[in-house]
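Undergrad: If you read the sequences in order, they're chains A and B. Counting in UniProt numbering, the first sequence runs without a single skipped number right up to 197 at its last residue. Counting in UniProt numbering, the second sequence runs without a single skipped number right up to 250 at its last residue.
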Amino acid sequence: MTGIINYGAGNIFSLTAALDRLGIPYGMVNITSELAAYDRIIIPGVGHAGTAMRKLQESGLADCIGQLVKPVLGICVGMQLLTAYSEEGDSVLLDIIPLKTLHFEKRIVGKVPHMGWNKVFHQNQCQIFDNIEKDAYFYFVHSYFIEYHPAFTAASTQYGLQFSAAVQKKNFYGVQFHPEKSGEAGERLLLNFSNLH
Amino acid sequence: MLAKRIIPCLDVKDGRTVKGVNFVDLRDAGDPVELAWQYSRQGADELVFLDITATHERRKTTVELVKAVARQVNIPFTIGGGINELADADTLLHSGADKISINSAAVRNPALIDQLAMAFGIQFVVVAVDTRRVDGRNYVHLNGGRLTTDIQTEDWIKEAESRGAGEILLTSMDHDGTKNGFDCDFLMKINGELSIPLIASGGAGNKQHFVDVFRQSSVDAALAASVFHYGEILIPDLKGELRQHGIEVR
């Protein structure tokens, strides 16, 4: 069963609705002791990375997530939380994946937020992209991005620059796009994650 | 590269779609959830629901609609109509809406944009603007275009952006319903001044109009209603046409 970190960071209705459609069972993780009940964990997230990090610390979950050996998937801001640092609010984050989360503004000439469907090129045989086309479109909404890194980037996207559309380090996965809003490719990715052990 | 978005717009009243819908294979042409699902299957990139319910029961029916759409549809959607305060937006967010669209309420109380952006992030806040040309200048119109203001459209859009709008949905009342094409010149002017996404609305009559609006004004998305509802333009055909013209679509 999949546990969803419930730390009050924005809306999780869309995510649970997608899991319901796919027949993926899930429950909520509110406190540290509830982590053990699940086979894998999703960290959702919409909003401000600094605020999300503070809420995660207040719940006590921030100290435990890095110790997990079961599959963990961060979505959008939930992915950014896995990195070391975000320019959003000059925030120190979980530092599970040693990368930085940076602001698009001043680095690209395009519009910010990066909003809409863009191509995601997966690499390194990352399992959550099994049976997904090499250049599938996913839906993005974000103003901050995770820098590209050959070892930790599991999929990359171009928007004025090349950034990490997905990252992976061991059992920790993160996606910048919203799989719950990305049509069939997004549903495939959620199913792939739910099959990880 | 970011794909250009095609957005069907559904007018909803008391939980049912209004305006003609003439799709084949629909069990219930008035059911917004079924229509939304059909559009997502056809390759629509996003959906907009405009709630024109006038009764005081509206909040309940709207929330039920948003929940039903969020449960069944796997693409993003925006809900607009009757959102006047933070509490309205909060309820819709927690019912599964990806974005809300505000129009007259924002003109009457511009600080609402700041409050919404602060509370929910700019990506949640679409500011819809209805514009009409009067003596060669574009002015903001309210109440579905019936009420004119002395606010110039360019000024209002810039203010909305600076207050925290994440996206602008610009409807040209002069073009809306004519099926003679989008107001490409004005959209190009506005788009050049914006650093947030712009959705073009009003005037779509054929596939070439979409080619023109993306080519000439470089907008991020184009919205239409009746040409999609009546099956005059099928989304897969439209995307094929756009692709042939070198316009990137999903």
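Ideal Cβ placement from N, Cα and C applies to all residues, glycine included.
Suppose contacts are defined by Cβ-Cβ distances below 9 Å. Is residue 43 (chain B) in contact with residue 236 (chain B) by that definition?
TA: Cβ atoms of residue 43 (chain B) and residue 236 (chain B): closer than 9 Å.
Undergrad: Which class does residue 162 (chain A) belong to by DSSP, given the choice of helix, strand or coil?
TA: If DSSP states are grouped into helix, strand and coil, residue 162 (chain A) belongs with the strands.
Undergrad: Assess contact between the segment 60–74 of chain A and the segment 102–113 of chain A, defined as three or more Cβ pairs (one per stretch) separated by less than 8 Å. Is contact present?
TA: Because the criterion of three Cβ pairs below 8 Å is not met, the segment 60–74 of chain A and the segment 102–113 of chain A do not touch.
Undergrad: Taking buried to mean at least 16 other C-beta atoms within 10 Å of its own C-beta, is residue 28 (chain A) buried or exposed?
TA: When all chains shown are included, residue 28 (chain A) counts as exposed.
Undergrad: For residue 52 (chain A), which of A:1, A:78, A:96 has the nearest alpha-carbon?
TA: Comparing Cα positions, the closest option is A:78.
Undergrad: Of the residues that make up the segment 196–210 of chain B, which ones have a beta carbon closer than 9 Å to any beta carbon in chain A?
TA: Cβ contacts with chain A come from 196, 197, 198.
Undergrad: Taking the continuous beta strand (DSSP E) assigned at residue 204 (chain B), which residues delimit it?
TA: Segment: none, residue 204 (chain B) is in no beta strand (DSSP E) and carries neither H nor E.
Undergrad: Check whether the Cβ of residue 11 (chain A) lies closer than 9 Å to any Cβ atom in chain B.
TA: True, the Cβ-Cβ gap to chain B drops below 9 Å.
Undergrad: Please give me, in chain order, every unbroken run of the alpha helix (DSSP H) with length at least 4 that falls completely inside the segment 162–216 of chain B.
TA: Fully enclosed alpha helix (DSSP H) runs of 4 or longer: 184–193.
Undergrad: Give me the Cα-Cα distance between residue 131 (chain A) and residue 210 (chain B), rounded to the nearest whole angstrom.
TA: C-alpha separation (whole angstroms): 33 Å.
Undergrad: Can you check whether the C-beta of residue 112 (chain A) is within less than 9 Å of a C-beta belonging to chain B?
TA: Judged by the 9 Å Cβ criterion, residue 112 (chain A) is in contact with chain B.
Undergrad: Given a limit of 8 Å on CB to CB distance, which residues of the segment 10–29 of chain A reach chain B?
TA: Cβ contacts with chain B: 10, 11, 13, 14, 17, 18, 20, 21.
Undergrad: Does residue 101 (chain A) come out as helix, strand or coil in the three-state DSSP assignment?
TA: DSSP places residue 101 (chain A) in strand when its eight states are reduced to three.
Undergrad: Who are the neighbours of residue 162 (chain B) on chain A, taking C-beta pairs under 7 Å?
TA: What residue 162 (chain B) touches in chain A: nothing, since even the nearest Cβ is about 14 Å away.
Undergrad: Measuring straight from C-alpha to C-alpha, what distance separates residue 8 (chain A) and residue 95 (chain B)?
TA: Each residue's Cα considered, the two are about 14 Å apart.
Undergrad: If you count every other CB in all the chains shown that lies within 10 Å of the CB of residue 33 (chain A), and 16 or more means buried, which is it?
TA: It counts as exposed.
Undergrad: How about residue 71 (chain B): is its C-beta nearer than 9 Å to some C-beta of chain A?
TA: Yes, because at least one Cβ of chain A sits closer than 9 Å to the Cβ of residue 71 (chain B).
Undergrad: Please work out which residues of its chain come closer than 6 Å, Cβ to Cβ, to residue 30 (chain B), disregarding the five sequence neighbours upstream and downstream, and give them in chain order.
TA: Correct list, in chain order: 16, 17.
Undergrad: Compare the C-beta of residue 184 (chain A) with all C-beta atoms of chain B and state if any pair is closer than 9 Å.
TA: So, interface residue.
Undergrad: Given a threshold of 16 other Cβ atoms within 10 Å of its Cβ, counted over all protein chains shown, does residue 123 (chain A) qualify as buried or as exposed?
TA: Exposed, by the Cβ-count rule.
Undergrad: Shorter than 9 Å from the beta carbon of residue 143 (chain A) to some beta carbon of chain B?
TA: Yes, contact with chain B.
Undergrad: Indicate whether residue 194 (chain A) and residue 75 (chain B) have their beta-carbon atoms separated by less than 9 Å.
TA: Cβ atoms of residue 194 (chain A) and residue 75 (chain B): not closer than 9 Å.
Undergrad: Give a yes or no on whether 9 Å exceeds the smallest Cβ distance from residue 115 (chain A) to chain B.
TA: Residue 115 (chain A) counts as touching chain B.
Undergrad: Name the chain B residues whose beta carbon is nearer than 8 Å to that of residue 38 (chain A)?
TA: Within chain B, no residue comes near residue 38 (chain A); the closest Cβ sits about 23 Å away, beyond 8 Å.
Undergrad: Kindly list, in the order they appear in chain A, the residues whose Cβ is closer than 7 Å to that of residue 93 (chain B).
TA: Under the 7 Å cutoff, chain A gives 11.
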